[in-house]
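For my numbering, count along the sequence shown from 1 and bump the result up by 20.
We treat Cβ as the ideally placed atom computed from N, Cα and C, and that holds for glycine.
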Amino acid sequence: MRPFIASHFKLRGGVTPISEPTKIKTVDLQLVNQFQEYGKVNNLLHYLRTRYSSKDVDAVKNRCYIGTSTKLWTVFWLINKNGNAQKAKVVYYTTDGKRTKYFKVPYKNKDGYYSCLFGEHLLNDNSKPITLGEIAKTALVPSIVFPRYTWIAYD
């Protein structure tokens, strides 16, 4: 299924698909794994470990592909239903788990990298009720507290 991209449609005189599908670039999963396996812990994961068990935090980190940058920023990978990394959002959190105004999106739409739902890959073979949050953090924390649901976000 192609993603909905507004530039593919003419808005005047009705909605008409443009004939050329957009090729979506993906990020090499080896790079995703490097950020996950980085030896240091970002502030968000550190904070979550003060509230929940390390076992639960590690499980959500691995399930949702949460990484850490060399500057200790949190890396939220957007993995699609096919298991491909489409984009990343890199956010800086304080030590008390609060998001700051600082964030980066290293893979841009203009370069062929388009977003998918955060946690979209969790929908494959899913039998749990699905809940949708606004940002990635609103999918992480409840997935620890309410594991009977599959949490995703439209970050």
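| query | result |
| --- | --- |
| Start-end ranges of the alpha helix (DSSP H) lying completely within the region 47 to 121, minimum 4 residues | 49 to 56, 63 to 71, 74 to 83 |
| Nearest candidate by alpha-carbon position, reference Cys136, set Thr170, Asp175, Val95, Arg168 | Asp175 |
| Meets three-Cβ-pair contact criterion under 8 Å: the region 96 to 109 and the region 67 to 83 | no |
| Cβ-based burial, Leu64 [other Cβ within 10 Å; buried from 16] | buried |
| For Leu152, three-class secondary structure by DSSP | strand |
| Boundaries of the beta strand (DSSP E) in which Thr42 is found, first to last residue | Neither: Thr42 is in no beta strand (DSSP E) and is coded neither H nor E. |
| Spatial neighbours of Lys60 in its chain, beta-carbon cut-off 8 Å, leaving aside the 5 residues before and after | Thr88, Leu92 |
| Leu51, buried or exposed, once every other Cβ within 10 Å from all chains shown has been counted against 16 | exposed |
| Distance between Tyr67 and Pro167 (C-alpha atoms, nearest Å) | 19 Å |
| Cut-off 7 Å between Cβ atoms - residues of its own chain near Thr158, not counting five sequence neighbours on either side | Ala173 |
| Contact belief for Tyr112 with Phe123 at Cβ below 8 Å, rounded distance in angstroms | 7 Å |
| Through-space distance from Phe55 to Thr90, alpha-carbon basis | 8 Å |
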